[in-house]
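To start, the structure itself, in structure tokens.
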């Protein structure tokens, strides 16, 4: 049963019968690591190049979206609380509204609004328009004097919206500086 090379010496390979009924074995396809590594490396290089070219624009885009979403959330909460204040003007509701406004402005402009008094806020040159609304809020909070209207609180919200749009405009046009 052992085949020796001496048994095969006299046989011409052309004289052997052709076996045509053999089947193929299914062989698992090999993973081509060099090609995939090269493709992955090229993709990473393109990604880094794209980040260097478009990175600032991408960051500004997501910052604009985050600022807009933050304002929408603030505006919804503020409007709901303002509705409560219009129905029943209490010092606690007014204080909550002012605290909510200060918190949003602090987040928007990275200034310590929550640590500042109304007088300190109005002495900032760009915040001079806030003297009337903040004085009306202080009268209600500290003196219990109900204002004739809640327009001052609407002005706080409008001021916040204006500051948001200034920041959004600065992000859209980074070459132009806006206050």
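Numbering (this note's numbering), first residue to last: 3 to 181. For each residue, glycine too, the CB sits at the ideal point set by N, CA and C. If you're wondering where the values come from, they're calculated on a predicted model, not measured in any experiment.
- Taking C-beta atoms as the reference points, residue 139 and residue 155 count as a pair closer than 8 Å.
- Looking at the backbone, the Cα of residue 102 and that of residue 76 are separated by about 8 Å.
- Of the residues assessed, residue 125 falls on the exposed side of the cut-off, its CB having fewer than 16 other CB atoms within 10 angstroms.
- When the alpha-carbon of residue 164 is set against those of 70, 95 and 175, the nearest one is in 70.
- Nearest to residue 134 by alpha-carbon distance, out of 146, 151 and 45, is 151.
- Burial state of residue 31 is exposed, judged by a 10 Å Cβ sphere holding fewer than 16 other Cβ atoms.
- By the 16-neighbour rule on beta-carbons within 10 angstroms, residue 143 is buried.
- In the DSSP assignment, residue 152 falls outside any alpha helix (DSSP H) and carries neither an H nor an E.
- If you check the CB distance, residue 123 and residue 136 come in under 8 Å.
- Every alpha helix (DSSP H) of 4 residues or more that sits fully in the segment 91-177 is shown, in chain order, as 93-111, 120-125, 133-140 and 153-174.
- Annotation for residue 78: the continuous alpha helix (DSSP H) segment containing it runs 35-89.
- Of the residues assessed, residue 100 falls on the buried side of the cut-off, its CB having 16 or more other CB atoms within 10 angstroms.
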